[in-house]
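These notes concern the structure reproduced below.
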Amino acid sequence: MNVSRLSSTELRDRLAAGAFRLRIGPFVSQVTTRLPSVVASLGFFYGDYPLEDEAAIADFHVRLAPPSGLRRFYRPQVLFFQDGRSQFQPFPMDLAPPLFEWGLNWCVANRAHHYLMLHSGVVERSGRALLLPAHPGSGKSTLTAGLVTRGFRLLSDEHALIRPEDGQLVPVPRPIALKNESIAIIQDLGTELTFGPTFHDTQKGDVSHLRPFEDSVRRADEPAAPGWVVFPKFVRGGNHRLEPVAKAAAMMELVDNSINYGILGSVGFRALARLVDESTCWALDYDDLPRALDEISRLADR
Amino acid sequence: MWRVPKDWRLEWRQWGSFHIVFNPASGDTHLLNVISAFVLRSLENEARSVEELKALVSRLPERPGDPADIDDLVSELDELGLVAAAPP
């Protein structure tokens, strides 16, 4: 059963009772909250996602709630709890919906060590994955969203999950987080795109999330084989270039980019080397998004 | 005498003329050129002196112009924790 099959009352009650188990790709998250903004946000972004029954074992147990004390009355705040422990400083209450997304990113990055994880957007075409590895702030979410508008399937805008056993890229499709001027740039790309509200003055600036297409969510159990690794760099006013990268250099760049390579040891090395072996590797400097999307699309169509 | 310590199992990949080696003992990954990789591989299975390494490297088509470079190379591999002094 998908989340959208719940009435708004059922959704609210399940979330309040800790009876809401959301499947996103390989992960099940038990989410508990009474915050109306988070309830509404989950209904909006996750309507196409499957629900697991209450007996399902959850990978992440998360809760969003205000801190105790009088502060809740004069400057309301919200905390993100994982396994009962608050993981961040309190956020202003009006940022509770994006805090859920950021918190879930944190859960994946800190718990999913059975995968080799990269900071990377990942999309798929014809069964092959195209990775956009880059550290936060490099424009990978913007490119990922742009490629989704060109018919690529979203696997993730945040984490590449590489299965060490077979080198496949495992989807974990979530709302795509866009920041500042990227919001309007992507909004201009298509009328069929659905955005949540824009949250202003966060630590990351203005933030808005793009709802993933239903097809990406429905196919979240379909991994993809490695195809292309494109290292993107947004260079305002700079020269556009898309050039091959030597595999050894790509490997070293990916080592630097990885979230948990150091934890996985030889397993991580072999998984990363396999990714490089099975991909063509490219460097992309861009400041013109449509041109970058054209070139990446041509690359994937070769 | 130098060698890669016996209980270390270095992991290797080669792409073109570049070699990547992962050292599970340190968790570090290194990018090596042909000569560095050859020297390190030569020390994986047995201890060798720098003079022995110079003799081996001199047979390579890509041998360095100055044999003293091998002294520096072994020192660098030592500093990177890839080799260690071995009893003669």
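Protein chains in written order, with this note's numbering: chain A, 1 to 302; chain B, 1 to 88. Where a beta carbon is used, it is the ideal one built from N, C-alpha and C, also for glycine.
> For glycine 238 of chain A, which residues from the same chain have a beta carbon less than 7 Å from its beta carbon, with the 5 sequence-adjacent residues on both sides left out?
Replying inline: Asp285 and Asp287
> Which residue comes first and which comes last in the alpha helix (DSSP H) that contains methionine 117 of chain A?
Replying inline: Per DSSP, methionine 117 of chain A belongs to no alpha helix (DSSP H); it is in the beta strand (DSSP E), 116 to 125.
> When you compare only the Cα positions, how much space is there between histidine 200 of chain A and threonine 280 of chain A?
Replying inline: 39 Å
>> At the level of alpha carbons, what is the spacing between lysine 6 of chain B and leucine 80 of chain B?
In response: 17 Å
> Is there at least one Cβ from chain A nearer than 8 Å to arginine 41 of chain B's Cβ?
Replying inline: no
> Considering threonine 9 of chain A, what are the terminal residues of the beta strand (DSSP E) in which it resides?
Replying inline: Where threonine 9 of chain A is concerned, there is no enclosing beta strand (DSSP E), although the alpha helix (DSSP H) it sits in stretches over 8 to 17.
> Smallest Cα separation from leucine 293 of chain A: which of A/Thr144, A/Pro66 and A/Phe100?
Replying inline: A/Thr144
> Residues of chain B with CB under 8 Å from arginine 270 of chain A, in chain order?
Replying inline: Glu11
>> For a test of the three-state rule: what should DSSP assign to valine 229 of chain A, helix, strand or coil?
In response: strand
>> For chain B, check one thing: does any of its Cβ atoms lie closer than 8 Å to the Cβ of serine 258 of chain A?
In response: no
> Counting along the chain, where does the beta strand (DSSP E) carrying glutamine 77 of chain A start and finish?
Replying inline: 77 to 82
>> Which same chain residues end up closer than 8 Å to arginine 75 of chain A when comparing Cβ atoms and leaving out the 5 residues on each side of it in sequence?
In response: Pro92
> Which runs of the alpha helix (DSSP H) fall wholly inside the segment 188 to 239 of chain A and span at least 4 residues, in chain order?
Replying inline: 214 to 218
>> Is the separation between the beta-carbon of leucine 43 of chain B and that of valine 4 of chain B shorter than 8 Å?
In response: yes
> So, glycine 16 of chain B versus alanine 248 of chain A, is the Cβ gap smaller than 8 Å?
Replying inline: yes
> Should arginine 59 of chain B be labelled buried (16 or more other beta-carbon atoms within 10 Å of its own) or exposed?
Replying inline: exposed
> Between B/Ala68, B/Pro61 and B/His19, which lies nearest to glutamate 52 of chain B when the distance is taken from Cα to Cα?
Replying inline: B/Ala68
>> Quick check: the Cα distance between valine 57 of chain B and glycine 151 of chain A, rounded to an integer number of angstroms?
In response: 53 Å
>> Spatial neighbours of asparagine 2 of chain A within its chain, please: C-beta separation below 8 Å, excluding the five flanking residues on both sides.
In response: Gly47, Asp48, Tyr49, Pro50 and Leu51
> In chain B, which residues lie with their C-beta within 7 Å of the C-beta of glycine 265 of chain A?
Replying inline: Pro24 and Gly27
> Which whole-angstrom value is the C-beta distance of isoleucine 24 of chain A and valine 172 of chain A, which I expect to be below 8 Å?
Replying inline: 6 Å
> What is the DSSP secondary structure of leucine 35 of chain A, counted as helix, strand or coil?
Replying inline: coil
> So with Cβ pairs under 8 Å, would you call lysine 179 of chain A a contact of chain B?
Replying inline: no
> Does any residue of chain A bring its CB to less than 8 Å from the CB of leucine 73 of chain B?
Replying inline: no
> Rounded C-beta distance between serine 216 of chain A and arginine 153 of chain A? I'm assuming under 8 Å.
Replying inline: 5 Å
> Do proline 223 of chain A and leucine 169 of chain A come within 8 Å of each other at the CB atom, strictly closer than that value?
Replying inline: yes
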